[in-house]
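Working notes for the structure below.
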Amino acid sequence: MVVNLKKILLTFIFLIQIMGNTMASNLSVNDKFEIIDVMNNYAKGIDTKNYDLFRSIFHDNVEVNIIYDPSFRSGEPVSFEGIDSWIEYVENAISEYRSTQHMLGNPLIKYEDGIAMARTDLQATHYYKDKDNEKTTLWGYYDTHMINKGGSWKIIKHTLTSIGSN
């Protein structure tokens, strides 16, 4: 009985810590899970080439910035205003690859003035379509700003910062 009470108390203290942090930021635990799901759908949409799914997570007026390291895509930064130009860029870029796998982790979510900000680490492996067994792996992170529009979280600003690739 004492062991069970101790476990319950420790669990309660743990939940208070998590909930306290969440409530202070005006985001529910469910909101945080939904924001993480948006990022997971980002990866799934690209990796499965499901551009309808990919499009669905963005606001129409999304702002996107990509800061490539010098060893990936010539290192030139690119920027987009609006969903159509962003989707077109992704479709063209991904068409070079037979498959990709975007692994996301360590999401850190903050909330301020109606905007959720998620920093998510990234490792993306790209398998070339026309080159047997050749691949490129990119490491970096996403800084993603979202708003809750009609009960769904939508990306309004998205920045990929590449920190290395091979």
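Just so you know, the sequence shown maps onto residues 300 to 465 in our numbering. Glycine residues also receive a C-beta, built at the ideal position from the N, C-alpha and C atoms. For clarity, every value in this text was computed on a predicted model and none was experimentally measured.
| Secondary structure of Asn432, DSSP reduced to three states | Working through the sequence shown from its first residue, we reach residue 432 at position 133. Residue state, collapsed to three classes: coil.
| task | Report the three-state DSSP secondary structure of Asn360 (helix, strand or coil). | result | Reading the sequence shown from its first residue, position 61 is the one you call residue 360. Note: Asn360 maps to strand in three-state DSSP.
| query | Touch check for the stretch 396-403 and the stretch 367-379: three-plus C-beta pairs under 8 Å? | reply | Taking a cut-off of 8 Å for Cβ pairs, the stretch 396-403 and the stretch 367-379 do not touch, as fewer than three such pairs fall below it.
| field | Minimum C-alpha distance to Leu440 - residue among Glu375, Ile462, Tyr341, Tyr396 | value | What you label residue 440 is simply residue 141 of the sequence shown in a count that begins at 1. Correcting the residue type first, residue 440 is Tyr in the shown sequence and not Leu. Ranked by how close their Cα comes to the Cα of Tyr440, the residues Glu375, Ile462, Tyr341, Tyr396 have Ile462 in first place.
| field | Where Lys348 sits in the DSSP three-state scheme | value | Locating residue 348 in the sequence shown gives position 49, where the first residue counts as 1. If DSSP states are grouped into helix, strand and coil, Lys348 belongs with coil.
| Within 10 angstroms of its Cβ, does Leu459 collect 16 or more other Cβ (buried), or is it exposed? | By 1-based counting over the sequence shown, the position of residue 459 is 160. Burial call: buried.
| request: Along the alpha helix (DSSP H) that carries Tyr388, what are the first and last residues, could you check? | output: For the purposes of this step, residue 388 is taken as residue 89 along the sequence shown, with counting starting at 1. It spans 382-393 - the alpha helix (DSSP H) in which Tyr388 sits, taken as one unbroken run.
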